[in-house]
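Chains as they are written, first to last, in our numbering: chain A, 1165 to 1333; chain B, 7 to 144.
Just so it is clear, CB atoms sit at the ideal spot from N, CA and C, and this is done for glycine as well.
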Amino acid sequence: MRAYQDMVFSTAARLAGDDAQAEDISQEVFIKAYENFAHLQASPTAGGWLRTVATNLALNHLTRYRKRWRLFSEMRLNAADEDSPEPELPLPDTLLADLGADQQRVVIDDALRRLPEHQRVSLVLYHFEDLSYQEIAVRLRVSLAKVKTDIRRARAALLPMLQSSGIAP
Amino acid sequence: MNEPTQAEQELERLLHRTLRAVPLRRAPQTLESRVLGELQRRAAMPWWRRSFVHWPQVARAAFVLLCVAMAAAVVGATAAVVGATGEWAASLARAVPPEWIYDGLAVSGLLYTALFGLGIAAYRTLYRNFEIAGDLRS
Chain A
1165 MRAYQDMVFS
1175 TAARLAGDDA
1185 QAEDISQEVF
1195 IKAYENFAHL
1205 QASPTAGGWL
1215 RTVATNLALN
1225 HLTRYRKRWR
1235 LFSEMRLNAA
1245 DEDSPEPELP
1255 LPDTLLADLG
1265 ADQQRVVIDD
1275 ALRRLPEHQR
1285 VSLVLYHFED
1295 LSYQEIAVRL
1305 RVSLAKVKTD
1315 IRRARAALLP
1325 MLQSSGIAP
Chain B
7 MNEPTQAEQE
17 LERLLHRTLR
27 AVPLRRAPQT
37 LESRVLGELQ
47 RRAAMPWWRR
57 SFVHWPQVAR
67 AAFVLLCVAM
77 AAAVVGATAA
87 VVGATGEWAA
97 SLARAVPPEW
107 IYDGLAVSGL
117 LYTALFGLGI
127 AAYRTLYRNF
137 EIAGDLRS
């Protein structure tokens, strides 16, 4: 458990955007791992299994508590459908290079938390979990166009947050 | 949706590099003890309070048989009640003027629409207030 708990907690925290929920999700992941211990103890893909279960449980968790509001929230989001600004070239080669690894993590976690949930979840699935746009659309049961738009807006919103926190010269 | 521009593609690559370089978060120290505590709590539970897959096979079979018997009893009782009251209900339906039925349906539709509208208004008000409060906190 100790070998994987940081990975499981990080996965859950990035998706849920809340440490207390991430701890609940992580607990459930390891209980499921315990129930499948016979299968996992000799498996070379135990880490991947745990990561997948953490992702699934985090998405289930988000769905369970927000499904009832989805109809209204999508109506509202569509009504306020503004285009994100085009990023200005040239972009820097690196972001947050002046900060240490732990500081970078804090800045990025904070920036992710400040994104709207539908943007954060899509962005995390794409950049951290390596899911394609199509796979994300299927998992979240939304259209492909919405996934692309959410991720594009999330990136556009993240850039100034990270730039204001430190850019390499 | 339009194809991504060069600037958007560069931004995607830049953010991908940045995000993937982030170290993992350290799990709370309480996580391990929470998991072990929960496992102990579940292990101490009697079998009938655990999930169905952990029940003894005899208990599972008995439960399925009991459910089937109850469903059969409910279906039988419903059929008996419908048979006994069917004639009375049919005569009542013939006696009710059709206008009453149409009026009832119209009132039901109106009430449903009003409830739906109230729900949307309440959600928008509460959600926006929640969002504003969240923005102020952050």
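- prompt: Can you give, in chain order, each stretch of the alpha helix (DSSP H) that sits fully within the region 33-97 of chain B and has at least 4 residues?
  reply: 36-50
message: Using a Cβ-Cβ cutoff of 8 Å, what residues of the region 16-40 of chain B are near chain D? List them in chain order.
response: Protein chains A and B are contained in the structure displayed, whereas chain D is not.
Burial state of Tyr-118(B), where buried means 16 or more other Cβ atoms lie within 10 Å: exposed
- request: Note the first and the last residue of the continuous alpha helix (DSSP H) segment covering Phe-1173(A).
  value: 1169-1180
message: Output needed for His-1225(A): all residues of its chain with C-beta closer than 7 Å, excluding positions within five of it in sequence on either side, in chain order.
response: Ala-1180, Gln-1185 and Ile-1189
- prompt: What does Tyr-1198(A) reach in chain B if we use C-beta pairs closer than 7 Å?
  reply: Leu-45
field: chain B residues whose Cβ lies nearer than 9 Å to that of Asp-1273(A)
entry: Val-28 and Arg-31
- prompt: Any C-beta of chain B sitting closer than 9 Å to the C-beta of His-1203(A)?
  reply: no
message: At the level of alpha carbons, what is the spacing between Ala-85(B) and Ala-79(B)?
response: 10 Å
- request: Identify whether Ala-127(B) lies in helix, strand or coil by the three-state DSSP scheme.
  value: helix
query: Which residues in chain B sit within 9 Å of Leu-1326(A), going by Cβ to Cβ distance?
result: Leu-21 and Thr-24
message: Would Gln-1185(A) pass as an interface residue toward chain B - the criterion being a Cβ-Cβ separation below 9 Å?
response: no
Euclidean distance between Cα positions of Phe-122(B) and Leu-116(B): 10 Å
- request: At 7 Å on the CB atoms, spell out the chain B contacts of Arg-1319(A), in chain order.
  value: Leu-17, Glu-18 and Leu-21
message: Three Cβ pairs or more, each shorter than 8 Å: is that satisfied between the region 1299-1314 of chain A and the region 1277-1290 of chain A?
response: yes
- prompt: Going straight from the alpha carbon of Pro-104(B) to that of Ala-112(B), what length do you get?
  reply: 12 Å
Cβ-based contacts, 7 Å cut-off: residues of the region 1293-1309 of chain A near chain B: Ala-1309
field: Assigned exposure category for Gln-1283(A) - 16 Cβ within 10 Å defines buried
entry: buried
Outcome for Asp-1266(A) when other beta-carbon atoms lying within 10 angstroms are tallied against a minimum of 16: exposed
query: So, are the CB atoms of Arg-40(B) and Arg-48(B) less than 9 Å apart?
result: no
- request: Whole angstroms is fine: what's the gap from Leu-37(B)'s alpha carbon to Arg-1178(A)'s?
  value: 17 Å
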